[in-house]
Structures are given as C-alpha cells and as structure tokens.
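Following: one structure in structure tokens, then a few remarks.
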Amino acid sequence: MADAKKITFPKAPLVYPALQRPDTKFDALGAYKADIRLSLEEAKPFIDRIQAVVKAWSGKPAKPGTKNAFYKKETDDEGNETGFVIFSIRVKNRVGKKDGKTWDRRPLLIDAKKTPVDVNPWGGTIARVQAEMFEWEFGGVKAVSLQPVVVQIIELKTGQGQEPQLDDFDEEDGFASHNTDTSDFNDESDGSASGSSDDEAGDY
8 MADAKKITFP KAPLVYPALQ RPDTKFDALG AYKADIRLSL EEAKPFIDRI QAVVKAWSGK
68 PAKPGTKNAF YKKETDDEGN ETGFVIFSIR VKNRVGKKDG KTWDRRPLLI DAKKTPVDVN
128 PWGGTIARVQ AEMFEWEFGG VKAVSLQPVV VQIIELKTGQ GQEPQLDDFD EEDGFASHNT
188 DTSDFNDESD GSASGSSDDE AGDY
C-alpha cells in the first residue's frame, strides 16, 4: 500500500528547479527544488488531499501564497490570476547533530524508463514529482511542507553545453544502479531515457 504521507503528482513543467545541485542563494547548505505548475482544475484534487493533512495537523487549512503554504496561485505581470497554481516542493540539506556532517537530501532522479539518472533539468522540463507531506512545528506554528523524494524526467530541457563523449569507455563489471523503489511511477516510454543527455522551521 502506498505511503499515506507521500503524494505523486501528474506530469507537469518544473518551475526554476534545482535538482542536480542545491540552490545556495538563501541557505548556505543549499536546498533542492522541484516546484511544478498545474492548472487549477488539475491541481484541485491534490490540493484537497494535502489540505486534509494540513487541517488534521494544524487545525486549519493552509492559505495559498502565505509564508508556509504549500502552493500559491500564479499571477501575471498585472497581478491577475492565470488559472494555474505553483506547488512548492523543496527540501533543505541539514547538518547531523551527532557527526556534524552535511546530510545531502537530493531527491532521486529517474528517467522515463524508471532508471536513475544524473541530469540537470531546467525550467520547462516535464516531470512527475513524488513528495513527502512533512508535518512540522516551530515557534508555535504548525504547517505541512512538500519535500521531493523522486523526480521522474519525462521531457528533459537543459543547457546547450557540449555533450560528454563516452566512446572511449567500455562496459565493466562493477557498480550498477538497481533495487530502487519506483513502484509509483509508470514507464513513460516517449520521454527522456537514461542515455540522454535536527529540524527547524528553515527546513520547510
């Protein structure tokens, strides 16, 4: 049975993602970002499901666009609503209390065939994101954040840098990725393949 605290979104464009390397603009340890954009109609059942968790935890639903809300309504340059929403799906790296080492919380990236990949998706990449609905409390505030667990890349958009050349390498006996739990994801055969190119409020 699927974990009740995890939610897998439909295919959607990523918005300013940071998935190969963490974004360190506002946090020295960095944060991974997998925000997605959905029409309000398509987003509604997911909003309702998450709001039920929020209400059970905090006693009231989250108000979109506020500091700790898990989504916001998209607006144009004039401030008018576009009919789309942006889900905030982010997780910050942490420092372990016992060993003092940085805990890299990068989500697993898989391709359309459900094979783990190491790519740098840009905004506009079409992906399916699985997130954990993480309940937290800090300073008397209770909220639920969406933390990315798995990101399936369906249509990859990235920079135009030179592709790495692998002709000088042969297949060897040794490490091979396997035993990854991707049961909540379908094989999206028309998408990108692998050959293609301790808790504080700040955690949320």
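Numbering (the working numbering) for the sequence shown: 8 to 211. Glycine included, each C-beta is placed from N, C-alpha and C at the ideal position.
Under a Cβ-count criterion, where at least 16 other Cβ atoms within 10 Å of its own Cβ denotes burial, should Tyr23 be classed as buried or exposed?
Here residue 23 refers to the residue found at position 16 of the sequence shown. By the neighbour-count rule (16 or more Cβ atoms within 10 Å), Tyr23 is not buried but exposed.
Pull up the distance between the alpha-carbon of Asn87 and that of Glu48, whole angstroms please.
For the purposes of this step, residue 87 is taken as the residue at position 80 of the sequence shown. For the purposes of this step, residue 48 is taken as the residue at position 41 of the sequence shown. Their backbone Cα atoms lie some 17 Å apart in a straight line.
Expected contact under 8 Å - CB spacing of Ile14 and Ala134 to nearest Å
Along the sequence shown, one-based indexing puts residue 14 at 7. Along the sequence shown, one-based indexing puts residue 134 at 127. Not really, about 14 Å apart at Cβ, beyond 8 Å.
Any idea what DSSP makes of Trp143, helix, strand or coil?
For this step, residue 143 is matched to residue 136 along the sequence shown. Of the three classes helix, strand and coil, the one that applies to Trp143 here is strand, per DSSP.
Going by the beta-carbon positions, is the gap between Asp42 and Ile117 smaller than 7 Å?
As a first step, residue 42 must be located in the sequence shown, where it is residue number 35. As a first step, residue 117 must be located in the sequence shown, where it is residue number 110. Cβ atoms of Asp42 and Ile117: not closer than 7 Å.
According to DSSP, which residues form a beta bridge with Lys231?
The displayed coordinates of the chain run from 8 to 211. Any statement about residue 231 would go beyond what the structure contains.
How many Å lie between Ala76 and Lys70 at the Cα?
Locating residue 76 in the sequence shown gives position 69, counting from the first residue. Locating residue 70 in the sequence shown gives position 63, counting from the first residue. Counting only the Cα atoms, Lys70 lies some 6 Å from Ala76.
Return the CA-CA distance between Gly103 and Ala35, expressed in angstroms with no decimal places.
In the sequence shown, counting from the first residue as 1, residue 103 sits at position 96. In the sequence shown, counting from the first residue as 1, residue 35 sits at position 28. Roughly 15 Å between the two C-alpha positions.
What residues in its chain sit with their C-beta under 8 Å from that of Trp110, if we drop five residues either side in the sequence?
Taking the sequence shown and counting its residues from 1, the one referred to as residue 110 is at position 103. The residues are Asn100, Arg101, Val102, Gly103.
In angstroms with no decimal places, state the Cα-to-Cα distance between Asn193 and Pro114.
Here residue 193 corresponds to residue number 186 of the sequence shown, with the count starting at 1. Here residue 114 corresponds to residue number 107 of the sequence shown, with the count starting at 1. Rounded to the nearest angstrom, the two C-alpha atoms are 18 Å apart.
According to DSSP, is Ala63 part of a helix, a strand, or is it coil?
By one-based count along the sequence shown, residue 63 stands at place 56. In this structure, Ala63 counts as helix in the three-state DSSP scheme.
Residue range of the beta strand (DSSP E) that Pro29 falls in?
Here residue 29 is taken as the residue at index 22 of the sequence shown, counted from 1. Counting along the chain, the beta strand (DSSP E) containing Pro29 begins and ends at 25-30.
Starting from Lys70, follow its DSSP beta bridges and name the residues at the other end.
If you number the sequence shown from 1, residue 70 lands on position 63. Answer is none; Lys70 lacks a bridge partner.
Should Gln27 be labelled buried (16 or more other beta-carbon atoms within 10 Å of its own) or exposed?
The residue given as residue 27 occupies position 20 in the sequence shown. Looking at its Cβ environment, which holds fewer than 16 other Cβ atoms inside 10 Å, Gln27 is exposed.
Whole-angstrom distance between Asp180 and Thr73, CA atom to CA atom
Locating residue 73 in the sequence shown gives position 66, counting from the first residue. Locating residue 180 in the sequence shown gives position 173, counting from the first residue. Thr73 and Asp180: Cα-Cα distance of roughly 52 Å.
Excluding sequence positions up to five away, which residues of its chain have a Cβ less than 6 Å from the Cβ of Thr89?
Working through the sequence shown from its first residue, we reach residue 89 at position 82. For Thr89, where only same-chain residues beyond five positions count, the Cβ hits under 6 Å are Glu81, Asp83.
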